[in-house]
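Notes for the one structure printed next.
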Amino acid sequence: MAAKKRSTRAPAKKSVVAAARKSSGRKSEPFLSREGLVSLASAVGIFLFIRIFLIAAFHIPSESMEPTLLIADFLFADELSYGAHIPFTHLKTPGFTTPKRGSVVIYESPPQRCIPNTDCPYTPGDDSTPTVVKRVVAVAGDTVYMRKALLYVNGIAQRPGYGAISDPLAQNDSSPYFAWQHAFEVKGSRFGPPPATPSHDDWGPLLVPPKHLLGMGDNRYHSLDGRYYGFAPLANVRGRPFFIYFSFDLQDWKFRWSRFFTIIR
């Protein structure tokens, strides 16, 4: 009797077949697990908390604080010390301290509005309450004035700026935008009478009202500051810049490496 031919096809392994059947019915796993989503949300929350309440980034658009701060210096600022601004509101968290004389601060300017029929120092269309970086020269209760380009606070002459750039052609310049000063002038005091027409280098004495400060640029002849728009409320203070994290020379188109991580004083 002839022998039956055996099939040469190898039988499929049960484990392979079972795995194929199992994989065909398996649901696809989500891109992120529940634990992953929680971790991502936590990271985003921490970043937003730091960005909103602790540290903010600012850049310098003008020459008003030269030589301390240059155009295209980028700063990190501490927002918590003076009270962090709560987004979409006019509220702030309680601060740990208040700005002191000589400190560089970031604040929202009081309204900067053009006076009709004058040579307006502000650029039309600009934000009327821009965020600015200035040095605090006087705080609440101080009597402040200038005589012959020298700043006095409570009758004591202050050192002549922080390397402030002088401009002899502008020393006697006056402006109708200084007229607000008359409402705060101290008359009949030991500090002498205020000038009839305030100028860049000769104005005051002025009494700083409660919960306000007077900010000025180090580059005093090229700075739109408190002399023009008045005292800034402490509620407007946004932060205290503490170092330059990036700086770029727009004229020579190169990095200012020596300014990186410079502490601001």
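All letters in the sequence shown, in the order written, are residues 116 to 380 by my numbering.
Where is the CB? At the ideal position from N, CA and C, for every residue including glycine.
* To do: Output yes or no for whether 8 Å exceeds the beta carbon distance between Arg250 and Asp333.
  => Closer than 8 Å, so yes.
* Asked: Between which two residues does the beta strand (DSSP E) harbouring Arg342 extend?
  -> Unbroken run through Arg342 is the alpha helix (DSSP H), 341-344; no beta strand (DSSP E).
* **Start-end ranges of the beta strand (DSSP E) lying completely within the segment 196-259, minimum 3 residues** => If we require 3 residues or more, the beta strand (DSSP E) runs fully inside the segment 196-259 come out as 219-223, 246-254.
* Anticipated Cβ contact below 8 Å, Leu328 with Ala347, distance rounded -> Distance from Leu328 to Ala347 at the Cβ level is roughly 6 Å; contact confirmed, criterion being Cβ atoms closer than 8 Å.
* Between the CA atoms of Trp295 and Cys229 - distance to the nearest angstrom -> Taking the straight line joining both Cα atoms gives about 13 Å.
* Got a sec? Which residues, its chain only, sit under 7 Å from Gly210 by beta carbon, not counting five neighbours each side? -> Taking C-beta separations shorter than 7 Å and ignoring five residues to either side along the sequence, the partners of Gly210 in its chain run Ser196, Tyr197, Gly198, following chain order.
* Asked: Going by the beta-carbon positions, is the gap between Ile221 and Arg353 smaller than 8 Å?
  -> Closer than 8 Å, so yes.
* To do: Indicate the three-state DSSP secondary structure (helix, strand or coil) for Phe363 in the structure shown.
  => The answer is strand: DSSP assigns Phe363 an E or B state.
* To do: Answer yes or no: do Val252 and Ser224 have a C-beta to C-beta separation smaller than 8 Å?
  => No, the pair does not count as a contact, with Cβ atoms beyond the cut-off.
* To do: Note down the Cα distance separating Lys215 from Val254, rounded to an integer number of angstroms.
  => Cα to Cα, Lys215 sits roughly 7 Å from Val254.
* To do: Assign Trp318 to one of three DSSP states: helix, strand, or coil.
  => Strand at Trp318.
* Own chain, CB closer than 8 Å to Met180, minus 5 neighbours either side, in chain order -> Result list for Met180: Val219, Val248, Lys249, Arg250, Gly332, Asp333, Asn334, Ser338, in chain order.
* Asked: If Thr233 and Pro291 are in contact, beta carbons under 8 Å, what's the gap, nearest whole angstrom?
  -> Yes, they are in contact, since the Cβ atoms of Thr233 and Pro291 sit about 5 Å apart, within 8 Å.
* Asked: Which one or two residues does DSSP pair with Glu178 in a beta bridge?
  -> Assignment of beta-bridge partners to Glu178 by DSSP yields no partner.
* Decide if Met116 is buried, meaning its Cβ has at least 16 other Cβ atoms within 10 Å, or exposed. => Interpretation of Met116 is limited by its pLDDT of 48, a score under 50 that renders its predicted location unreliable; the figure taken from the coordinates is listed afterwards. Exposed.
* Asked: With burial defined as no fewer than 16 other Cβ atoms inside 10 Å of the residue's Cβ, what is the status of Asp257: buried or exposed?
  -> By the neighbour-count definition (other C-beta atoms within 10 Å, threshold 16), Asp257 is a buried residue.
* Cα-Cα separation, Ile170 to Leu321 -> Rounded to the nearest whole angstrom, the CA to CA distance from Ile170 to Leu321 is 34 Å.
* Asked: Are the CB atoms of Phe375 and Tyr360 nearer to each other than 8 Å?
  -> Yes, they are a contact pair.
* Assuming Phe357 contacts Ala192 (C-beta within less than 8 Å), just tell me the rounded distance between them. => Contact annotation, Phe357 with Ala192: C-beta distance approximately 7 Å; criterion of less than 8 Å satisfied.
* How about Thr208 and Ile201: do their beta carbons lie closer than 8 Å? -> The Cβ-Cβ distance between Thr208 and Ile201 falls below 8 Å.
* **Close Cβ partners of Pro310 (< 8 Å) along its chain, the five nearest in sequence each way excluded** => Contacts found: Asp317, Trp318.
* Contact under 8 Å by Cβ, Leu365 with Ile186 -> Their beta carbons are under 8 Å apart, which means Leu365 touches Ile186 by this criterion.
* Which class does Pro308 belong to by DSSP, given the choice of helix, strand or coil? -> Pro308: coil per DSSP, three-state reduction.
* To do: For Lys263, I'd like the list of residues in its chain whose CB is within less than 8 Å of its CB, leaving aside the five on either flank, ordered along the chain.
  => So the list reads Asp316, Asp317, once near-sequence residues are dropped.
* Could you spell out the range, first to last residue, of the beta strand (DSSP E) harbouring Leu383? => What the structure shows of the chain is the stretch from 116 to 380, and residue 383 is not part of that stretch, so it cannot be assessed.
* Asked: Across which residues does DSSP place Glu300 in a beta bridge pair?
  -> Under DSSP, Glu300 forms a beta bridge with Leu321.
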